[in-house]
Every structure is written in C-alpha cells, then in structure tokens.
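These notes are about the structure you will find just below.
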Amino acid sequence: MFAEFDAGWVPHLVQRLDHYFHRHHRWLKLDGRIRRPPSEYIARAVHFTFQDDPTALRLALPSQTNLLWASDFPHAESTWPASRSLGSAGSELLSARLYDEFFSARTLSLYGI
C-alpha cells in the first residue's frame with residue numbers, strides 16, 4: 000500500500016519497470032527469480048491511494064492501477080471539507096463501475112469488509 004503520495008506517477012513507473020525487465024532481464028540475471036514483468040506483480044499485490052489527483056483517474060484504466068480513494072482526514076493535506084465535491088468530480092472522469100471500484104469496492108475487498 001502506497002498511501003498519501005497520490006498516484007498519477009504510477010503508470011509511468013510501471014511502464015519503465017516493464018521496459019527494463021524486457022530489455023535487460025538476461026544480463027541482470029533475473030530469469031530464474033523474477034518470471035513475470037513487474038506490472039503483473041504490482042497489479043496483484045500493490046495498491047495506491049489518491050486524494051485529489053485527476054491525472055491518476057485519467058490514467059487508471061489503461062494502466063490497471065489498483066487505486067483507492069483516501070481523504071487523509073484529519074491531516075493538513077486532507078481533502079476535507081471538500082471531499083464530497085472532489086469525489087463527485089471523479090465521477091465525471093470514470094465509468095460508474097470504475098468510480099465504484101476506486102471510491103468503495105476495492106477498499107471493502109482489500110480489508111475484507
């Protein structure tokens with residue numbers, strides 16, 4: 000879990016990790032230890048929170064990033080008291096299914112609620 004970093008940067012990082020894996024895995028001697036591209040491990044096991052990050056929402060679908068919305072309340076970087084309006088703005092960028100996943104379903108699933 001990466002929390003409080005927003006997530007617009009994640010798709011680029013994952014793309015670069017995969018690039019280096021495919022291009023350099025032989026001389027890095029990763030063949031026996033790491034069998035799949037990093038993006039597959041990240042998609043299965045890593046989640047990223049976002050607060051007010053429209054870039055993360057725009058890039059989320061193509062990258063298959065595991066996003067979770069967070070308000071960071073009561074800290075200074077919290078979206079409160081504008082949390083609801085920021086959430087509504089997110090609904091304009093996403094399909095109803097993805098909006099539900101990022102703002103509710105993935106968190107419930109991750110924590111077994």
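Quick note: the sequence shown uses numbering that gives the first Met the number 0, first residue 0, plus one each step. Don't be surprised by glycine CBs; every beta carbon is placed ideally from N, CA and C. Bear in mind that the values here come from a model prediction, so they are computed numbers and not experimental data.
Member of the options whose CA lies at the smallest distance from the CA of residue i
| i | options | result |
| --- | --- | --- |
| residue 35 | 20, 26, 25 | 20 |
| residue 41 | 65, 59, 26 | 65 |
| residue 37 | 46, 53, 14 | 14 |
| residue 6 | 75, 111, 17, 59 | 59 |
| residue 55 | 3, 22, 110, 109 | 3 |
Contact belief for residue i with residue j at Cβ below 8 Å, rounded distance in angstroms
| i | j | result |
| --- | --- | --- |
| residue 79 | residue 70 | 6 Å |
| residue 48 | residue 67 | 5 Å |
| residue 102 | residue 89 | 7 Å |
| residue 116 | residue 12 | Because the chain spans 0 through 112 in this model, residue 116 falls outside it and cannot be assessed. |
| residue 74 | residue 0 | Actually they do not touch by this definition, with Cβ atoms about 16 Å apart. |
Residue i, DSSP secondary structure in three states
| i | result |
| --- | --- |
| residue 1 | strand |
| residue 95 | helix |
| residue 110 | coil |
| residue 27 | coil |
| residue 22 | helix |
| residue 36 | coil |
| residue 104 | helix |
Closer than 7 Å to chain C by CB, residue i
| i | result |
| --- | --- |
| residue 21 | This model lacks chain C altogether; it includes just one protein chain. |
Considering only residues of the region 40 to 93, which uninterrupted beta strand (DSSP E) runs meet the minimum length of 3 residues and lie entirely inside it, listed in chain order? Counting only runs of 3 or more, we get 47 to 49, 66 to 68.
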